[in-house]
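Participant:
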DNA sequence: AGACGTTTCGAAAACGTTATCGATATCGAT
DNA sequence: ATCGATATCGATAACGTTTTCGAAACGTCT
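Residue numbers (this note's numbering), protein chains in the order written: chain A, 29 to 371; chain B, 29 to 371.
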C-alpha cells in the first residue's frame, strides 16, 4: 500500500504535484480523478485515490477557484461580527444547508484606512475569484454593478444598486412610537441610526408620522444621532436625559442604542420604566436579557438572512428576483416601557 | 484624466492586466505600485494610481495569496453558525481589531459526505493558501500537524494536537451539580454532550464527582446522550421524564440540550422549576430569554474567542504559547432551578 | 569620452489548479 | 495486416498575482 516516495512533506501543504509524483501519473490525471471526471482507467483511479488518502491531499480552494469559474462558496460581508449581523449570519447559514453552497463570512472591518467603502474593497478582493455571490449587511456605500450577484440586507440609501431585503422600518417605527403614545407619553425622544442607511431615515420618518397622527408637535431638540452604536449613543442620551424638560420616553433606532440609553439612565439614577420608557428596534438576543428586559420592535433577523440567501441562490441560478423584499417588524413588549409618569 | 482605453469592462473583474494596459506599463510595475514597493518613478506611480482609481481595481485575494506566503487573514472554522460558535466568533473578531489580521469565518458543514473530519478538509482547502492561521471550534477530529498554526477551542479528546483553550468543565459541572444538590435534589439526571469532545467527558466526570461527594449513588439509568443538540436531546429527555421514578433535576451538558429538556418538560406538562429543575452549561444568549430563564454555568465565550485569537497571533509571530489555557465557568442562577419537590 | 553606479522598468518564472486537445495505446472489424 | 474507433493519458496553456533578475536608460565622475 505504501509507495516508495517519501510520503510526508513535513512542511508546506501536500499539493497535487506530490500526489502525481507519488502515484506515478501526471498532474492533470490526478485532477481528473479527484474531481471524478470521465476519462481515466479504473485501476489508475484507484491507485491515485489511495495515494490521495495516504498523503491526506485536499485541493486548494484558492488555486482551484482561480482556475475554475465557480467555487460554490457564497460570501457574507459584515463590518464586524456583532449581534445584529451574526443573527443574520445564522439565518443565512441555516438556509444554505442543502443548497450546495458553503458560506464564508468575511469581516471587512478596516483598521487602517477609511471606515467607509470597505465592502467595495472586500467584495473586489473576493468576487469572481473566491466567491460566486455575496450578501452584504448594512453596506456603507451604494454598490456599483459588480461582477457577481449581490444581495444587500438593510440597504444603503439611494436608487439603483443590488436587490435588497429589509424589514418594515416605517411601519415598525410607527408601531414603536404609537406604543409609547398609547402609554401616555408626550415628550418622546428619538435616537437616530446610521444616517447613510435607508433604515435609519425610514425609522425617523415613522417616528414623525406617528407623532403627527397623535397631534404631537415634532421637536428637533428631542432627536439625536446614535449611529446604531451603544457608544455613540451615550453622549446623545446624556444630553437628552439631563435636560430640564427631559423626555419621558425614548425610541432608539436600534437595540444597541437602546441599551446605551439604559446604561446612561442607570448612571443618572433614572428608573426604567418608572421614570423613563425605552423602546428599541431589532430584538437582538441581548434585548431580552437586559435590565430591565427591553421592549423592542422585533425584526425577523433569521428570516431576513435566510431569504437573502434564497434570493442570492436564485440570482446565481440565473433567475430573476424582486428588486426589494420587505418583511414585517413586530412589537415585543417587555419591561422597559410603562405608562408615562404623572406630570 | 481619463485614458483612451475603454474604461469599463462590463463583465468580469478588473484585473491587474487591465490596469497595466490602460496605464501603458507592464503588469509587474502595477503590482509594485499598488504594493508600494521601491523602484518605480514617481510620475509612473502617479499615473498608475490614477488608473487604479478610475477602474476601481482591487487586487484579488485569491491570486495574491496563491503567490504570496502570507495573507494576513486568519480563519475561524465552525461546523455551523449557531449561538455557541457565533459568540466565540464575536470574541475572536473583537480581539482581531488592531492586530493587522482580518477574520474569515468558514462554515465547513458538510451536506453530502461524512459529518466527521470536516475540519481537515476545510483546513486543508484554506491552509497555506488563503489563511495564515486557524481557530477551530469544537473539532471533530484530532488535528494532525498542519502547515499553519492552529488553536482549538473546546478541543477534541486525546493527547497531542494543537494548542487548546476551553473553560473549566470539571469544575463547572461540579458547581452545577452541587447547586442542584444544595437545593435538595437527590435524583439528578445528566444529559451527556458530544462524546468525542473532551468537554463532554469532563462534564460527566464533574457530575459524578459531585454526586460522590454528596454520597449519592451514581445511577447509569439517569445518564443519557444529548450530543450537545436540542434535537438529539428530545428522545433522551422523554425517556428520562416518563420514568416511574423520574429525576427531579437535570444537568444538561450544554444549554442547547437544556433547552431541549425544557421543551420536552413543557410537552409532558411538567412545571419548571416546581416539578423539575434544569441547569445547563454555556450561557448562550437564548438561555436568558428561555421560558423559564435558564440557570446555567456561564462560559466566558467572548473571552475564550479573544484569547484564542491572541494565542494564534502569538504563534504566527513565532512565539510560544501555553499548550492549554483554561478559563473559569461561573454559576448563573435564573429561574429554571428550585428546591426539590417534597417526596 | 569612457567607466561606473543608480534608477527604472519589464521578461520570465512561479504559486496550485483545471480545461483543452492532441498523442498514444488498445481493440474489434475488415 | 490494415484501418478506424475508442479509451486513456499527458503537454500545454491559462487563471491573476508577486518575485527575481537582467536589460536599458540615465547621470556622475574621472
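Beta carbons: idealized from backbone N, C-alpha and C, even for Gly.
At a Cβ cut of 7 Å, what residues of the segment 98-110 of chain B count as close to chain A, listed as they run along the chain?
Facilitator: Within the segment 98-110 of chain B, the residues whose Cβ lies closer than 7 Å to some Cβ of chain A are 108, 109, 110, listed in chain order.
Participant: With 7 Å set as the bound, which would you pick, yes or no: does the beta-carbon of residue 241 of chain A sit closer than that to a beta-carbon of chain B?
Facilitator: Within the first chain, residue 241 of chain A is the residue found at index 213, counting from 1. No - not a single Cβ of chain B is within 7 Å of the one on residue 241 of chain A.
Participant: Identify the contact partners of residue 89 of chain B in chain A, using a Cβ-Cβ distance below 8 Å as the criterion.
Facilitator: By one-based count along the second chain, residue 89 of chain B stands at place 61. Those are 153, 154, 157, 158, listed as they occur along chain A.
Participant: Does residue 134 of chain A get closer than 7 Å to chain B when you measure Cβ to Cβ?
Facilitator: Stepping through the first chain from its first residue, residue 134 of chain A is reached at position 106. Taking Cβ atoms only, chain B reaches closer than 7 Å to residue 134 of chain A, which makes this a yes.
Participant: How is the beta strand (DSSP E) around residue 104 of chain B delimited, first residue to last?
Facilitator: Stepping through the second chain from its first residue, residue 104 of chain B is reached at position 76. 101-106 is the span of the beta strand (DSSP E), which, as asked, contains residue 104 of chain B.
Participant: Is residue 175 of chain B helix, strand or coil by DSSP?
Facilitator: Stepping through the second chain from its first residue, residue 175 of chain B is reached at position 147. The answer is coil: DSSP assigns residue 175 of chain B none of H, G, I, E or B.
Participant: By DSSP, does residue 207 of chain B sit in helix, in strand, or in coil?
Facilitator: As a first step, residue 207 of chain B is located in the second chain; it is residue number 179 there, counting from the start. Residue state, collapsed to three classes: helix.
Participant: Name the DSSP bridge partner or partners of residue 155 of chain A?
Facilitator: Taking the first residue of the first chain as position 1, residue 155 of chain A is located at position 127. DSSP lists A/159 as partners of residue 155 of chain A.
Participant: Thinking just about the alpha-carbon of each residue, which of B/231, B/206, B/269 is nearest to the one in residue 291 of chain B?
Facilitator: By 1-based counting over the second chain, the position of residue 291 of chain B is 263. Closest option to residue 291 of chain B, Cα to Cα, is B/269.
Participant: For residue 282 of chain A, count neighbouring C-beta atoms within 10 Å of its own C-beta (all shown protein chains included) and say buried if the count is 16 or more, exposed if not.
Facilitator: Residue 282 of chain A sits at position 254 when you count from the first residue of the first chain. Buried, since its Cβ has 16 or more Cβ neighbours within 10 Å.
Participant: Answer yes or no: does any C-beta atom of chain A fall closer than 7 Å to that of residue 258 of chain B?
Facilitator: What you label residue 258 of chain B is simply residue 230 of the second chain in a count that begins at 1. By this cut-off, residue 258 of chain B is not an interface position.
Participant: Residue 118 of chain B touches chain A at which residues, Cβ-Cβ below 7 Å?
Facilitator: For the purposes of this step, residue 118 of chain B is identified with residue 90 of the second chain, where counting begins at 1. Within chain A, the residues 109, 110, 114 have their CB atoms less than 7 Å from the CB of residue 118 of chain B, given in chain order.
Participant: For the segment 316-332 of chain A and the segment 47-65 of chain B, state whether three or more C-beta atom pairs, one from each stretch, are separated by less than 8 Å.
Facilitator: no
Participant: Any C-beta of chain B within less than 7 Å: which residues of the segment 43-72 of chain A qualify?
Facilitator: none
Participant: Residues bridged to residue 277 of chain B by DSSP?
Facilitator: Taking the second chain and counting its residues from 1, one reaches residue 277 of chain B at position 249. For residue 277 of chain B, which the question treats as bridged, DSSP gives the partners B/216, B/305.
Participant: Measure from the C-beta of residue 41 of chain A to each C-beta in chain B and report whether the shortest distance is under 7 Å.
Facilitator: In the first chain, counting from the first residue as 1, residue 41 of chain A sits at position 13. So, interface residue.
Participant: From the beta carbon of residue 317 of chain B, is the nearest beta carbon of chain A less than 7 Å away?
Facilitator: Here residue 317 of chain B corresponds to residue number 289 of the second chain, with the count starting at 1. Yes, residue 317 of chain B lies at the interface with chain A (some Cβ there is under 7 Å from its Cβ).
Participant: Could you confirm whether any beta carbon from chain A is found closer than 7 Å to the beta carbon of residue 350 of chain B?
Facilitator: Taking the second chain and counting its residues from 1, the one referred to as residue 350 of chain B is at position 322. Not one chain A Cβ lies under 7 Å of residue 350 of chain B.
Participant: Determine whether the Cβ of residue 328 of chain A lies closer than 7 Å to any Cβ atom of chain B.
Facilitator: Translated into positions along the first chain, residue 328 of chain A becomes position 300. It does not; no Cβ of chain B falls within 7 Å.
Participant: Using a Cβ-Cβ distance cut-off of 7 Å, determine whether residue 141 of chain A contacts chain B.
Facilitator: Counted from its first residue, the first chain places residue 141 of chain A at position 113. For residue 141 of chain A, the predicted structure reports a pLDDT of 43, less than 50, and the residue's modelled location is therefore unreliable. A value from the coordinates is still provided. With 7 Å as the cut-off, residue 141 of chain A does not count as an interface residue toward chain B.
Participant: Less than 7 Å between the C-beta atoms of residue 363 of chain A and residue 211 of chain A, yes or no?
Facilitator: Start at 1 with the first residue of the first chain, and residue 363 of chain A comes out as number 335. Start at 1 with the first residue of the first chain, and residue 211 of chain A comes out as number 183. With respect to residue 211 of chain A, residue 363 of chain A sits apart: the two C-beta atoms are not nearer than 7 Å.
Participant: With 16 other CB atoms within 10 Å as the buried threshold, where does residue 141 of chain A fall?
Facilitator: Here the question's residue 141 of chain A lines up with position 113 in the first chain. Here residue 141 of chain A scores only 43 on pLDDT, less than 50, and its place in the model is too uncertain to base an answer on.
Participant: Buried or exposed for residue 87 of chain B, going by 16 or more other Cβ atoms inside 10 Å?
Facilitator: For the purposes of this step, residue 87 of chain B is identified with residue 59 of the second chain, where counting begins at 1. Label assigned to residue 87 of chain B: buried.
Participant: Quick one: using the 10 Å Cβ neighbour count with 16 as the cut-off for buried, is residue 213 of chain B buried or exposed?
Facilitator: Looking up residue 213 of chain B in the second chain gives position 185. Buried is the call here.
Participant: Determine the closest residue to residue 256 of chain B out of B/279, B/161, B/158, B/348, with distance taken between C-alpha atoms.
Facilitator: Position 228 of the second chain, counting from 1, holds the residue named residue 256 of chain B. In terms of Cα proximity to residue 256 of chain B, the closest of B/279, B/161, B/158, B/348 is B/279.
Participant: Around the C-beta of residue 347 of chain B, are 16 or more other C-beta atoms found within 10 angstroms, so that it is buried, or is it exposed?
Facilitator: Reading the second chain from its first residue, position 319 is the one you call residue 347 of chain B. Classification of residue 347 of chain B: exposed, given that the 10 Å Cβ count is below 16.
Participant: Can you confirm whether residue 361 of chain B, when its beta carbon is compared against all beta carbons of chain A, has any partner nearer than 7 Å?
Facilitator: Your numbering for residue 361 of chain B matches position 333 in the second chain. False, the Cβ-Cβ gap to chain A never drops below 7 Å.
Participant: In chain order, what residues of the same chain lie with their CB nearer than 7 Å to the CB of residue 349 of chain A, ignoring the 5 residues before and after it?
Facilitator: Locating residue 349 of chain A in the first chain gives position 321, where the first residue counts as 1. Cβ neighbours of residue 349 of chain A beyond the five flanking positions: 191, 339, 342, 343.
Participant: Which residues of the segment 284-316 of chain B have a Cβ closer than 8 Å to any Cβ of chain A? Give them in chain order.
Facilitator: So the list reads 313, 314, 316, given in the order they occur along the chain.
Participant: With 7 Å set as the bound, which would you pick, yes or no: does the beta-carbon of residue 94 of chain A sit closer than that to a beta-carbon of chain B?
Facilitator: On the first chain, position 66 is the one that residue 94 of chain A refers to. It does; some Cβ of chain B falls within 7 Å.
Participant: What does residue 131 of chain A touch in chain B if you count any residue whose Cβ is under 7 Å from its own?
Facilitator: Within the first chain, residue 131 of chain A is the residue found at index 103, counting from 1. In chain order: 135.
Participant: With DSSP run on the structure shown, which of helix, strand or coil describes residue 326 of chain A?
Facilitator: Counted from its first residue, the first chain places residue 326 of chain A at position 298. In the structure shown, residue 326 of chain A sits in a strand (DSSP, three-state: E or B).
Participant: Report yes or no: do three or more beta-carbon pairs, one from the segment 83-102 of chain A and one from the segment 301-314 of chain A, lie closer than 8 Å?
Facilitator: no
Participant: I think residue 216 of chain A touches residue 205 of chain A, with their Cβ atoms under 8 Å apart; what is that distance to the nearest whole Å?
Facilitator: Within the first chain, the letter at position 188 stands for residue 216 of chain A. Within the first chain, the letter at position 177 stands for residue 205 of chain A. That belief holds up - the Cβ atoms of residue 216 of chain A and residue 205 of chain A are roughly 6 Å apart, short of 8 Å.
Participant: Check whether the Cβ of residue 121 of chain B lies closer than 7 Å to any Cβ atom in chain A.
Facilitator: As a first step, residue 121 of chain B must be located in the second chain, where it is residue number 93. Yes - at least one Cβ of chain A is within 7 Å of the one on residue 121 of chain B.
Participant: Helix, strand or coil for residue 292 of chain A? Go by DSSP, reduced to three states.
Facilitator: The residue given as residue 292 of chain A occupies position 264 in the first chain. Residue state, collapsed to three classes: helix.
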